[in-house]
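One structure is given here, and the rest of the page talks about it.
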Amino acid sequence: MTDAASVLAGKTAVVTGASSGIGRAIAQRLVDAGVRVALVGRSEERLREAASGWPADAWVALPCDVRDSAAVREMAARAERELGRVDILVNSAGVFTAVPLTELDDETWRDLWETNVSGTLFPTRALLPGMLERGLGYVVIISSVAAHRGYAGMTGYGATKHAVTGFARALTTEVRRQGVRVVNAFIGPVATPIWEGGSPPLPVEEMLTAEEVADAIVSAMTVSDKQVIEDLLLLPQAGLYF
Numbered sequence: 661m662t663d664a665a666s667v668l669a670g671k672t673a674v675v676t677g678a679s680s681g682i683g684r685a686i687a688q689r690l691v692d693a694g695v696r697v698a699l700v701g702r703s704e705e706r707l708r709e710a711a712s713g714w715p716a717d718a719w720v721a722l723p724c725d726v727r728d729s730a731a732v733r734e735m736a737a738r739a740e741r742e743l744g745r746v747d748i749l750v751n752s753a754g755v756f757t758a759v760p761l762t763e764l765d766d767e768t769w770r771d772l773w774e775t776n777v778s779g780t781l782f783p784t785r786a787l788l789p790g791m792l793e794r795g796l797g798y799v800v801i802i803s804s805v806a807a808h809r810g811y812a813g814m815t816g817y818g819a820t821k822h823a824v825t826g827f828a829r830a831l832t833t834e835v836r837r838q839g840v841r842v843v844n845a846f847i848g849p850v851a852t853p854i855w856e857g858g859s860p861p862l863p864v865e866e867m868l869t870a871e872e873v874a875d876a877i878v879s880a881m882t883v884s885d886k887q888v889i890e891d892l893l894l895l896p897q898a899g900l901y902f
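Residues 661 to 902 (my numbering) are what the sequence shown spells out, left to right.
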């Protein structure tokens, strides 16, 4: 792997779920590497707060609900107008709910599925044609260790992440020989606000940080043109839980 700026400078990216957590951290690392980034999230105000202090010409805010197919198509078209092209798509938008199956209601299940699965498919489907046309691109999918191993209380969430992983692996076989590389990242517990008021699996101070995840994701995009990191499993060192 090489210095991110030497590989990524001048490229463009769309990052969903960019208003906080992993998405924001990845967007910041990309900006630091010289990438111009379109920040996608439901709230324009929160996107602008997330980018506070960044160079004004390094980012644009594109409010969009990734669960809405038509809205995503409009966002993708605007991103390509604003950026000129899209070289990198980071699918980071997602929701997390941990409850026993008997307590998983229909509304929660629909939100998990529409955000985590449709919210990955729609942006990828919208932006992939341009990458294929140019014969160059990266699609990053932020999955979860819950798709790699089973955990009690994560039946609904884990099911959506298994679906996303199946999507990523199938997509890889469709596009890798056309110059588009797909990275499916299985991420362990990260110290983000999702654990507030809940029961975290290990102390927050032992979890991964969003910045550590961002470093790993950006590094996966800096391997040589002869390589691709398809599955990336990133766990905290305090791994007894896993």
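The beta-carbon is built from N, C-alpha and C at its ideal position, and this holds for glycine as well.
Can you round the beta-carbon distance between residue i and residue j to whole angstroms, since I take them to be within the 8 Å contact cut?
i    : j    : result
G779 : A806 : Going by Cβ atoms, the distance from G779 to A806 rounds to 16 Å, so no, they are not a contact pair.
L764 : G713 : The pair is not a contact, with the Cβ atoms about 40 Å apart (cut-off 8 Å).
V720 : T672 : Contact doesn't hold; Cβ gap of about 10 Å is too wide.
S729 : G701 : The pair is not a contact, with the Cβ atoms about 17 Å apart (cut-off 8 Å).
A823 : T852 : About 22 Å; that fails the 8 Å criterion.
A632 : L699 : This structure leaves residue 632 out entirely; the chain is present only between 661 and 902.
A786 : R733 : 5 Å
For residue i, which residues from the same chain have a beta carbon less than 8 Å from its beta carbon, with the 5 sequence-adjacent residues on both sides left out?
i    : result
V878 : A664, L668, I686, R689, L690 and A693
A874 : I682, A685, I686, Q688 and R689
R836 : V842 and V888
L895 : V805, G848, L868 and F902
R706 : S679 and S680
Using DSSP's beta-bridge definition, name the partner residues of residue i.
i    : result
Y798 : I748 and R841
I847 : L894
L699 : V675 and A721
L868 : V850
Got a sec? Which residues, its chain only, sit under 6 Å from residue i by beta carbon, not counting five neighbours each side?
i    : result
M814 : A758 and A806
W773 : T820
G839 : G795 and L796
R829 : none
T832 : V842 and E890
Under the rule that 16 or more other beta-carbon atoms within 10 Å means buried, what is residue i, buried or exposed?
i    : result
R696 : buried
M661 : Because the pLDDT at M661 is just 44, under 50, the model does not fix this residue reliably, and the value given afterwards should be weighed accordingly. The residue in question, M661, is exposed, as its Cβ has fewer than 16 Cβ neighbours within 10 Å.
V864 : exposed
G826 : exposed
R954 : Nothing can be reported for residue 954: it is not among the residues displayed for the chain, which extend from 661 to 902.
T722 : The sequence given here places Leu at residue 722; Thr does not occur at that position. Under this definition L722 is a buried residue.
L749 : buried
L761 : exposed
P789 : exposed
P783 : buried
V675 : buried
A739 : buried
A737 : exposed
Here's a check: name, in chain order, each residue in its chain whose Cβ is nearer than 7 Å to the Cβ of residue i, leaving out the five neighbours to either side.
i    : result
S804 : K821, F846 and I847
A731 : C724 and D725
G818 : A806, A807, G810 and Y811
A912 : Residue 912 lies beyond the residue range present for the chain, which begins at 661 and ends at 902; the question has no answer from this structure.
R708 : A721
V755 : D771, L772, T775 and N776
G677 : G683, G701, S752, A753 and G754
G670 : G694
Does the beta carbon of residue i fall short of 8 Å from some heavy atom of the ligand MN?
i    : result
G683 : This structure simply doesn't include the ligand MN, nor any ligand for that matter.
Does any residue of chain B have a CB that is nearer than 9 Å to the CB of residue i?
i    : result
A807 : The structure shown contains no chain B; it holds only a single protein chain.
Could you tell me which whole alpha helix (DSSP H) segments of length 4 or greater appear in the stretch 759-791? 766-772
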